[in-house]
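Let me begin by presenting the structure, written as structure tokens, before commenting on it.
There are 2 protein chains.
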Amino acid sequence: MLDNPMWLRDNCPCPECRDPRSGQKLFQITDLPDDLAVGTVAERPEEVEVTWFPDGHRSVYRRDWLTAPAPVDHRTEAGKRLWATADLATPPEADWSAYLSVPAERVRVLEAVRRLGFALLRGVPVEEGRVLEVARSFGYVRETNYGRLFDVRVEPAPDNLAFTSRAIAPHTDNPYRDPVPTIQLLHCLTNAAQGGDSGLVDGFHAAALLRAEDPEAFAVLTRTPVPFVYRDARTELTAVKPLIDVDPLGRIREVRFNNRSLGTLRPPGAFYDAYRAFAKVLARPELMLAFRLAPGDCLIFDNTRLLHARTAFEQNGARHLQGAYADLDGLAGTLAVLGRTVALDELEALFTGPGTGDYLGEPVTMAEHMRQAAALAEAAGAPAHLVAAALLHDIGHLEGGAELMSGVDNRHSHTGADVLARWFGPEVTEPVRLHVDAKRYLCAVDPGYRARLSEASEFTLRVQGGPMTGPQAAAFAALPGAADAVAVRRWDDAAKVAGAATPDFAHFRPLLASLLRR
Amino acid sequence: MLDNPMWLRDNCPCPECRDPRSGQKLFQITDLPDDLAVGTVAERPEEVEVTWFPDGHRSVYRRDWLTAPAPVDHRTEAGKRLWATADLATPPEADWSAYLSVPAERVRVLEAVRRLGFALLRGVPVEEGRVLEVARSFGYVRETNYGRLFDVRVEPAPDNLAFTSRAIAPHTDNPYRDPVPTIQLLHCLTNAAQGGDSGLVDGFHAAALLRAEDPEAFAVLTRTPVPFVYRDARTELTAVKPLIDVDPLGRIREVRFNNRSLGTLRPPGAFYDAYRAFAKVLARPELMLAFRLAPGDCLIFDNTRLLHARTAFEQNGARHLQGAYADLDGLAGTLAVLGRTVALDELEALFTGPGTGDYLGEPVTMAEHMRQAAALAEAAGAPAHLVAAALLHDIGHLEGGAELMSGVDNRHSHTGADVLARWFGPEVTEPVRLHVDAKRYLCAVDPGYRARLSEASEFTLRVQGGPMTGPQAAAFAALPGAADAVAVRRWDDAAKVAGAATPDFAHFRPLLASLLRR
Numbered sequence: 001m002l003d004n005p006m007w008l009r010d011n012c013p014c015p016e017c018r019d020p021r022s023g024q025k026l027f028q029i030t031d032l033p034d035d036l037a038v039g040t041v042a043e044r045p046e047e048v049e050v051t052w053f054p055d056g057h058r059s060v061y062r063r064d065w066l067t068a069p070a071p072v073d074h075r076t077e078a079g080k081r082l083w084a085t086a087d088l089a090t091p092p093e094a095d096w097s098a099y100l101s102v103p104a105e106r107v108r109v110l111e112a113v114r115r116l117g118f119a120l121l122r123g124v125p126v127e128e129g130r131v132l133e134v135a136r137s138f139g140y141v142r143e144t145n146y147g148r149l150f151d152v153r154v155e156p157a158p159d160n161l162a163f164t165s166r167a168i169a170p171h172t173d174n175p176y177r178d179p180v181p182t183i184q185l186l187h188c189l190t191n192a193a194q195g196g197d198s199g200l201v202d203g204f205h206a207a208a209l210l211r212a213e214d215p216e217a218f219a220v221l222t223r224t225p226v227p228f229v230y231r232d233a234r235t236e237l238t239a240v241k242p243l244i245d246v247d248p249l250g251r252i253r254e255v256r257f258n259n260r261s262l263g264t265l266r267p268p269g270a271f272y273d274a275y276r277a278f279a280k281v282l283a284r285p286e287l288m289l290a291f292r293l294a295p296g297d298c299l300i301f302d303n304t305r306l307l308h309a310r311t312a313f314e315q316n317g318a319r320h321l322q323g324a325y326a327d328l329d330g331l332a333g334t335l336a337v338l339g340r341t342v343a344l345d346e347l348e349a350l351f352t353g354p355g356t357g358d359y360l361g362e363p364v365t366m367a368e369h370m371r372q373a374a375a376l377a378e379a380a381g382a383p384a385h386l387v388a389a390a391l392l393h394d395i396g397h398l399e400g401g402a403e404l405m406s407g408v409d410n411r412h413s414h415t416g417a418d419v420l421a422r423w424f425g426p427e428v429t430e431p432v433r434l435h436v437d438a439k440r441y442l443c444a445v446d447p448g449y450r451a452r453l454s455e456a457s458e459f460t461l462r463v464q465g466g467p468m469t470g471p472q473a474a475a476f477a478a479l480p481g482a483a484d485a486v487a488v489r490r491w492d493d494a495a496k497v498a499g500a501a502t503p504d505f506a507h508f509r510p511l512l513a514s515l516l517r518r
Numbered sequence: 001m002l003d004n005p006m007w008l009r010d011n012c013p014c015p016e017c018r019d020p021r022s023g024q025k026l027f028q029i030t031d032l033p034d035d036l037a038v039g040t041v042a043e044r045p046e047e048v049e050v051t052w053f054p055d056g057h058r059s060v061y062r063r064d065w066l067t068a069p070a071p072v073d074h075r076t077e078a079g080k081r082l083w084a085t086a087d088l089a090t091p092p093e094a095d096w097s098a099y100l101s102v103p104a105e106r107v108r109v110l111e112a113v114r115r116l117g118f119a120l121l122r123g124v125p126v127e128e129g130r131v132l133e134v135a136r137s138f139g140y141v142r143e144t145n146y147g148r149l150f151d152v153r154v155e156p157a158p159d160n161l162a163f164t165s166r167a168i169a170p171h172t173d174n175p176y177r178d179p180v181p182t183i184q185l186l187h188c189l190t191n192a193a194q195g196g197d198s199g200l201v202d203g204f205h206a207a208a209l210l211r212a213e214d215p216e217a218f219a220v221l222t223r224t225p226v227p228f229v230y231r232d233a234r235t236e237l238t239a240v241k242p243l244i245d246v247d248p249l250g251r252i253r254e255v256r257f258n259n260r261s262l263g264t265l266r267p268p269g270a271f272y273d274a275y276r277a278f279a280k281v282l283a284r285p286e287l288m289l290a291f292r293l294a295p296g297d298c299l300i301f302d303n304t305r306l307l308h309a310r311t312a313f314e315q316n317g318a319r320h321l322q323g324a325y326a327d328l329d330g331l332a333g334t335l336a337v338l339g340r341t342v343a344l345d346e347l348e349a350l351f352t353g354p355g356t357g358d359y360l361g362e363p364v365t366m367a368e369h370m371r372q373a374a375a376l377a378e379a380a381g382a383p384a385h386l387v388a389a390a391l392l393h394d395i396g397h398l399e400g401g402a403e404l405m406s407g408v409d410n411r412h413s414h415t416g417a418d419v420l421a422r423w424f425g426p427e428v429t430e431p432v433r434l435h436v437d438a439k440r441y442l443c444a445v446d447p448g449y450r451a452r453l454s455e456a457s458e459f460t461l462r463v464q465g466g467p468m469t470g471p472q473a474a475a476f477a478a479l480p481g482a483a484d485a486v487a488v489r490r491w492d493d494a495a496k497v498a499g500a501a502t503p504d505f506a507h508f509r510p511l512l513a514s515l516l517r518r
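Chains as they are written, first to last, in my numbering: chain W, 1 to 518; chain R, 1 to 518.
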């Protein structure tokens, strides 16, 4: 990446370039000189320091940041699991009260909306207006001409065919709106009518099938702007969008399909053949997940991807849903923030559960030991990632059991690092991974170190392979995370004081939250 | 268009194919047979009737519908007036109370937001929360993590640089949100600080300049997905979109530009050269409209097009704006519906103003005459467009003055038709245009007709050219609108009864509203 100086400089993480609080950039791209170039480069095990020509600015980049892969764009097909009915062993559903009270359950439901395009909540109280509460549980209600919520039931003088007892074929909602509402909710209050069953079709899957079977039709649909129109006494809306919207890399990003409100194309060109080809794919029975909403069910689905449908029902049958719209960006944001909570809850549960157990015969519990190590790191003014590494360095013991004292190296440092990699970057995981090797290293290079080891630590040293040889120690010292691991090791060794006052896990949550992977 | 049978059939306007109330289609595109073809065609002056193979369905299409041009997509550059500062003699502004009370004034303001990208309302009460009232005057508030409204002022611990006293370079808001809020409002409550001036840049204009000057940079920006990110303690948002989004026809549709929250592109490819080229165009002084918001000012602007900026201000200076987001689709819908009101108000004003004047010496006023003609059409069961044509046939007299009785043919039929073409299609305007010729035609072909003309009508006949010759009459009869014009003419001739009870203009408003051009 050193060959793209503008990119590299634009990503300088220093506090002059980026506001430490908000993470926002503090300069304009035009502030950089036209002749910007990498001046000198200092290579260090874990980072690269660039001094810039001509202005002498210095930027330090972590190596793992420099080589990180491109993140997935979750709004495109790349971030989705496409499905036909047979692929869904159990459609995603959850109980409303569990969803409300258990963050991990809420993550599961919202993740399903993001990956599969929908989820079903059961047991939402059968009361008018509750659909808004469901929407607010993950985002913001999008008000439209239909109101903040709308009633789907038979009306005497319907402005929209949805408000009749007719069958409604698979479609996306509000195609005549731009921006289209990206999430729809339907909460069932009554469904006692003959008929009125529901159906869902994965429009991304259908579009991908079309691309495979009839690439020319797919291409026509991605490049033909189609007008959608809606008009009643108080409303008049038009939006012009292709039926299949792809991102600049050609990945499916949005499907819009609604024959009821498709307007007049001028000129139609090759559109109609492609449109019918796509409609025929969408109509395949194996693509339609059919089910019946019961009172208290609330369906949440991605209106840029899933088509929804209902069968006809008796004109006088009792069927009443309440609907609302919301947006995917709010849902994704809620999911990201909930992910932080869930991660920290899982870690805290290790401290308050298995962590209360004996620490290899030391006079502290494992949780006390780890909290003491973190407190020592904090007192030493260590950067956040090392405080976190000190706090979490023995997490592998809590997950992996206590075979170590029975003479088996359970490689708890590696187990711990691998567990932590779900949530943290290498700046946290690598010192954890190396903290056992750091002991073996210190025994080799620091003459007084081994003598100061506790009895248990001396015992485990032998299980873990004993002091390093000279060449082993040299190889270790050259590793990117060696210095951090040695620092963590020294706090580790000192954190065995019976009865010492240490902050509880909650004290470290904000620091951990700031380090969680995005 | 007969060569595209699927298109033609999909647009069949009959009540079996299209719900008369909602205008929504009642069939699926897959319901049409694969071997659908035009069977027989019956050509009539104003319409074409198609009988379809193989199902025998019959569709009647108006000729003017068949040949109508493609409508403009107002969300693309095709529907905009692009501007540099020098192009704006007077930036669009209006007084809040006039905006509220006068529909035409509201149309002017909203039309400016649509065409130019912004408008400024003056005199909005300097009270917290009023910005929401402005948003609701044309659409729906889009709630975000910043709330339904947000305060732009110096905060002690700002999550966003907007809430500091720093200068903010031209940018679009919330680029890390998808769907992005398409309209932003900023209502000034206090602006007593040194500095804190505002600026607007037309991002579509800048993009068009880039396309002209550096087409390769433009192309790179339209095809590079760019991640935008925002993260604070309660929020985490990412959106991936190109800086310049074009529709499938390559027309500029959306600009997203915000250096503060531009994330890390992997790999950056050719992006940075193009990005800097665009940034330099955007920074040209002649593109920035600079002004200062005063208390009571509320700026409304298109956040998919205009970049906004502010200069730095004193840290302790009193500057307080309240902002809110809304969406362009709601604004366009309000504009369309207001357009109906404004059109009908303008027409009604002609009836209640100049229409109360003498009608060429007849025993009725012009307005009475026209209302009587419409009432006769209605009583005869005429279709809506002919009732409207009867009601409006002499509108050219009201607009054009009364030169006719002084012996000058003021061609009021043409004047009237041209005025009406702003609002109505040819089914209304053409009978109006031809209603004078219809008199000359009837004099030629209906022996008793001329004798029944009123004295004034006999006089004007001569000014208008007298009875048609045989060949003139034959040519007239072949015109598409001839039959309708003759019908209107007969109601016109009969609508001169002193003191006859006739419905007032308001009676005809719903009928007229249903005929207004979309």
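The beta-carbon is built from N, C-alpha and C at its ideal position, and this holds for glycine as well.
Model, not experiment: these values are computed from the prediction.
For residue i: DSSP bridge partner residues
i	result
R/Y230	R/L237
W/V38	W/W52
R/K25	R/R18
W/R122	W/D95
R/T365	R/D358
W/A475	Note: W/A475 sits in no beta bridge, so no partner.
R/H171	R/H308
Own chain residues within Cβ distance below 6 Å of residue i, not counting five before or after
i	result
W/A390	A373, A374, A377, V488 and W491
W/L335	L110
R/F291	S198
Partner residues on chain R for residue i, Cβ-Cβ distance less than 8 Å
i	result
W/K534	This structure cannot speak to residue 534 of chain W, because chain W is shown only from 1 to 518.
W/S165	Near W/S165 there are no residues of chain R at all, since even the closest Cβ is about 14 Å away, more than 8 Å.
W/S101	By Cβ distance, chain R contributes nothing, its closest Cβ being about 20 Å from W/S101, past 8 Å.
7 Å Cβ cut-off: residues of chain R touching residue i
i	result
W/A70	R266
Reduced DSSP category for residue i - H, G, I as helix; E, B as strand; rest coil
i	result
R/S514	helix
R/D484	helix
R/F138	coil
R/C12	coil
R/R44	coil
W/G401	Residue placement at W/G401 cannot be trusted, given a pLDDT of 49 that sits under 50; the coordinates are not used to answer.
R/L299	strand
Chain W residues whose Cβ lies nearer than 8 Å to that of residue i
i	result
R/P426	Chain W residues near R/P426: none, gap ~16 Å exceeds 8 Å.
Spatial neighbours of residue i in its chain, beta-carbon cut-off 8 Å, leaving aside the 5 residues before and after
i	result
R/M370	F351, G355, A390, L391, L392, H393, D394, I395 and A495
W/R58	C14, E49, V50, T51 and W52
R/L338	P103, R106, V107 and L110
Listed by chain order, chain W residues near residue i by CB distance under 7 Å
i	result
R/L29	It is worth fixing the name first, because residue 29 of chain R is Ile in this sequence and not Leu. Near R/I29 (Cβ distances below 7 Å), the residues of chain W are N259, Y275, R276 and A279.
Is the number of C-beta pairs between the region 261-268 of chain W and the region 44-58 of chain W that are closer than 8 Å three or more? Contact between the region 261-268 of chain W and the region 44-58 of chain W is absent, because fewer than three Cβ pairs lie under 8 Å.
Measuring CB atoms only, is the region 302-311 of chain W touching the region 168-182 of chain W, in the sense that at least three cross pairs come out at less than 8 Å? In short, these stretches touch, since the Cβ pair count reaches three.
Using 8 Å as the Cβ pair cut-off and three pairs as the minimum, do the region 151-160 of chain W and the region 13-28 of chain R touch? With the cut-off at 8 Å, the region 151-160 of chain W and the region 13-28 of chain R touch.
Tell me whether the region 240-259 of chain W and the region 67-84 of chain W touch, counting them as touching only if at least three CB pairs, one residue from each stretch, are closer than 8 Å. Judged by Cβ distances under 8 Å, the region 240-259 of chain W makes contact with the region 67-84 of chain W, as three or more pairs qualify.
Any contact between the region 183-194 of chain R and the region 229-244 of chain R? By contact I mean 3 or more CB pairs, one from each, below 8 Å. Taking 8 Å as the limit for Cβ pairs, the verdict is that the region 229-244 of chain R does not touch the region 183-194 of chain R.
Give a yes or no on contact between the region 121-134 of chain W and the region 88-103 of chain W, applying the rule of three or more CB pairs nearer than 8 Å. Under the 8 Å Cβ criterion, the region 121-134 of chain W counts as touching the region 88-103 of chain W, having at least three qualifying pairs.
Between the region 502-518 of chain W and the region 470-490 of chain W, do at least 3 Cβ pairs fall closer than 8 Å? At 8 Å Cβ cutoff, the stretches do not touch.
Does the structure place the region 218-230 of chain W close enough to the region 255-264 of chain W that three or more beta carbon pairs sit under 8 Å? As far as the Cβ criterion goes, the region 255-264 of chain W touches the region 218-230 of chain W, which means the pair count is three or higher.
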